[in-house]
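Trainee:
Numbering (the working numbering), first residue to last: 759 to 1137.
Below is the structure:
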């Protein structure tokens, strides 16, 4: 059987891939919902925009479900601390993403009444705009650390409040996340639509791409100069038991950049995030915007990857007691659990990728007025 340290590393990488898959496959859903008031000026245009993602948005959510499930199974202590500490933020996320968005899509077309449809359009916008910001806010708080600690029996104490999550750095990350999804969503719209909707989508995606570059670089400078990072003091056994109390860690401003000094090749991860966004901006109108969408996807992967490699081996730092922070090496499930899950992943992840590719192949092509009017199931 594979040794425990290797399994822990594999699952850290797999969860990162799942989160990247969520951003790439579901991020444009949020971006399109946030762009709805800006790119659609009449009822038919709104229907066209909604039907670009109408058949696929539910399937895209499998990535966030897989990601949360993987964290629960592979790093259960991380799941417990994150979902308990950020309870109200997660609740708001589920309310907007998991309840408001599905209901608004299903109910919008039930009545032709103008007020009815405008109301649900507003709900769709909220269901895209709020989660897009909240994801970034949560990432920002993970970078600065959450105020939690354990007693000797590993009972959790969390001393923060919801309002504490809305600190300046976290809000900066939230705006970065919003622009990432708007860039991505605008380019997907450019692929799926024509004429005025496409022109507006390209314009907004380009503006968002420029914002992504500026905010990402600004966030990096902020992290280097002001954000307190974390580092482990001494050695830790990667094959040891999962006990977050058996180590010593400290806080230092700019510590999140230490991995780039130790492993210079990691600098290509944030470079990918910047070059991808610039490529999306400059090629948005080329070749039906498909290459720009790939560039946008690469940017999302690079930005999310930057957070992961900067924090390694930390998963969830504690701002109250850095030595109680959760690492890859001391917060995982057992060796048997990780191995069993890996076997299941090897079987089922390719199946998910295959049926997702098949769905997108079947639903390829542009969405226009004729397609919307011809489909009785259209939103």
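Even glycine gets a Cβ: it sits at the ideal position worked out from N, Cα and C.
Small disclaimer: the values here were computed from a predicted structure and weren't measured.
Please go through the same chain and pick out, in chain order, the residues whose beta-carbon is closer than 6 Å to the beta-carbon of residue 805, but skip the five residues on each side of it.
Mentor: Start at 1 with the first residue of the chain shown, and residue 805 comes out as number 47. Taken in chain order, the residues that qualify are 1130.
Trainee: Taking the alpha carbon of residue 838 as the reference point, which residue from 1090, 1103, 1116, 865 has its own alpha carbon closest?
Mentor: If you number the chain shown from 1, residue 838 lands on position 80. The option with the nearest alpha carbon to residue 838 is 1090.
Trainee: Curious, which full-length alpha helix (DSSP H) runs of at least 4 residues does the region 1048-1080 contain?
Mentor: List check, alpha helix (DSSP H) in window: 1048-1069.
Trainee: Excluding five sequence neighbours on each side, which residues of the same chain lie with their C-beta closer than 6 Å to the C-beta of residue 859?
Mentor: Taking the chain shown and counting its residues from 1, one reaches residue 859 at position 101. Cβ within range, chain order: 885.
Trainee: Let me make sure I understand the geometry here. Which of 871, 930, 870, 879 has the alpha-carbon closest to that of residue 898?
Mentor: The sequence position of residue 898 within the chain shown is 140, counting from 1. The option with the nearest alpha carbon to residue 898 is 930.
Trainee: In angstroms, rounded to a whole number, what distance separates the CA positions of residue 1037 and residue 1054?
Mentor: Residue mapping note: residue 1037 aligns to position 279 of the chain shown, counting from 1. Residue mapping note: residue 1054 aligns to position 296 of the chain shown, counting from 1. Cα-Cα distance, rounded: 8 Å.
Trainee: Since residue 889 contacts residue 854 with CB under 8 Å, what's their CB separation in whole angstroms?
Mentor: As a working mapping, residue 889 is identified with position 131 in the chain shown. As a working mapping, residue 854 is identified with position 96 in the chain shown. 5 Å between Cβ atoms; contact.
Trainee: With a cut-off of 8 Å on the beta carbons, I'd call residue 809 and residue 1136 a contact; round off their distance for me.
Mentor: Locating residue 809 in the chain shown gives position 51, where the first residue counts as 1. Locating residue 1136 in the chain shown gives position 378, where the first residue counts as 1. Sure, about 5 Å apart at Cβ, within 8 Å.
Trainee: Do residue 973 and residue 1017 have their C-beta atoms within less than 9 Å of each other?
Mentor: Position 215 of the chain shown, counted from the first residue, corresponds to residue 973. Position 259 of the chain shown, counted from the first residue, corresponds to residue 1017. No. Outside cutoff.
Trainee: Considering only DSSP beta bridges, list what residue 907 is partnered with.
Mentor: Residue mapping note: residue 907 aligns to position 149 of the chain shown, counting from 1. BP columns for residue 907 point to 915.
Trainee: Just how far apart, CA to CA, sit residue 1004 and residue 1116?
Mentor: Counting from one through the chain shown, the residue named residue 1004 turns up at place 246. Counting from one through the chain shown, the residue named residue 1116 turns up at place 358. Near 48 Å, if we compare the C-alpha coordinates of residue 1116 and residue 1004.
Trainee: Below 8 Å on the Cβ atoms is my contact criterion, and I expect residue 765 with residue 1100 to pass it. Report the Cβ-Cβ distance as a whole number of Å.
Mentor: The sequence position of residue 765 within the chain shown is 7, counting from 1. The sequence position of residue 1100 within the chain shown is 342, counting from 1. That belief holds up - the Cβ atoms of residue 765 and residue 1100 are roughly 7 Å apart, short of 8 Å.
Trainee: Does the beta-carbon of residue 1119 have 16 or more other beta-carbons within 10 angstroms, so that it is buried, or is it exposed?
Mentor: By one-based count along the chain shown, residue 1119 stands at place 361. When all chains shown are included, residue 1119 counts as exposed.
Trainee: Whole angstroms are fine: how far does the CA of residue 820 sit from the CA of residue 937?
Mentor: Here residue 937 refers to the residue found at position 179 when the chain shown is read from its first residue. Here residue 820 refers to the residue found at position 62 when the chain shown is read from its first residue. Taking the straight line joining both Cα atoms gives about 22 Å.
Trainee: Taking the alpha-carbon of residue 965 as reference, which of 1039, 784, 815 has the nearest alpha-carbon?
Mentor: The residue you call residue 965 lines up with position 207 of the chain shown. Residue 1039 is the option with its Cα nearest to residue 965.
Trainee: Give me the residue from 801, 927, 771, 891 with the minimum Cα distance to residue 867.
Mentor: Within the chain shown, numbered from 1, the residue matching residue 867 stands at position 109. With distances taken between Cα atoms, residue 867 lies closest to 801.
Trainee: Would you tell me roughly how many angstroms separate the C-alpha atoms of residue 1114 and residue 787, rounded to the nearest one?
Mentor: As a position in the chain shown, residue 1114 is number 356, starting the count at 1. As a position in the chain shown, residue 787 is number 29, starting the count at 1. Those two C-alpha atoms are separated by around 15 Å.
Trainee: Please return the same chain residues whose Cβ sits closer than 8 Å to the Cβ of residue 1121, not counting the five positions on each side in sequence.
Mentor: Here residue 1121 corresponds to residue number 363 of the chain shown, with the count starting at 1. For residue 1121, where only same-chain residues beyond five positions count, the Cβ hits under 8 Å are 813, 814.
Trainee: Which whole runs of the beta strand (DSSP E) in the region 771-836 are 3 residues long or more, in chain order?
Mentor: List check, beta strand (DSSP E) in window: nothing returned.
Trainee: Span of the alpha helix (DSSP H) holding residue 991?
Mentor: Indexing the chain shown from 1 puts residue 991 at position 233. From DSSP, residue 991 is part of no alpha helix (DSSP H) but of the beta strand (DSSP E) over 986-991.
Trainee: Could you name the residues that DSSP lists as bridge partners for residue 1011?
Mentor: Position 253 of the chain shown, counted from the start, is the residue given in the question as residue 1011. BP columns for residue 1011 point to 986.
Trainee: Is residue 903 closer than 9 Å to residue 934 when the C-beta atoms are compared?
Mentor: On the chain shown, residue 934 is found 176 positions in, with the first residue counted as 1. On the chain shown, residue 903 is found 145 positions in, with the first residue counted as 1. Contact: no.
Trainee: With C-beta atoms as the reference, is residue 781 less than 9 Å away from residue 1033?
Mentor: Your numbering for residue 781 matches position 23 in the chain shown. Your numbering for residue 1033 matches position 275 in the chain shown. The answer is no: Cβ separation not under 9 Å.
Trainee: Once DSSP output is grouped into helix, strand and coil, what is the label at residue 1006?
Mentor: As a first step, residue 1006 is located in the chain shown; it is residue number 248 there, counting from the start. Residue state, collapsed to three classes: strand.
Trainee: Residue 1084 bridges to which residues according to DSSP?
Mentor: Position 326 of the chain shown holds residue 1084. Residue 1084 is bridged to 1074.
Trainee: Is it the case that the Cβ atoms of residue 1007 and residue 1083 are separated by a distance below 9 Å?
Mentor: The sequence position of residue 1007 within the chain shown is 249, counting from 1. The sequence position of residue 1083 within the chain shown is 325, counting from 1. Cβ distance < 9 Å, so residue 1007 and residue 1083 count as in contact.
Trainee: Can you tell me whether residue 845 is buried or exposed, with buried defined as 16 or more other CB within 10 angstroms of its CB?
Mentor: Counting from one through the chain shown, the residue named residue 845 turns up at place 87. Classification for residue 845: exposed.
Trainee: Buried or exposed: which applies to residue 1102, given that a residue is buried once 16 or more other Cβ atoms fall within 10 Å of its Cβ?
Mentor: Within the chain shown, the letter at position 344 stands for residue 1102. So residue 1102 counts as exposed.
Trainee: Curious, which full-length beta strand (DSSP E) runs of at least 3 residues does the region 838-917 contain?
Mentor: Segments of the beta strand (DSSP E) lying fully in the region 838-917: 906-908, 914-916.
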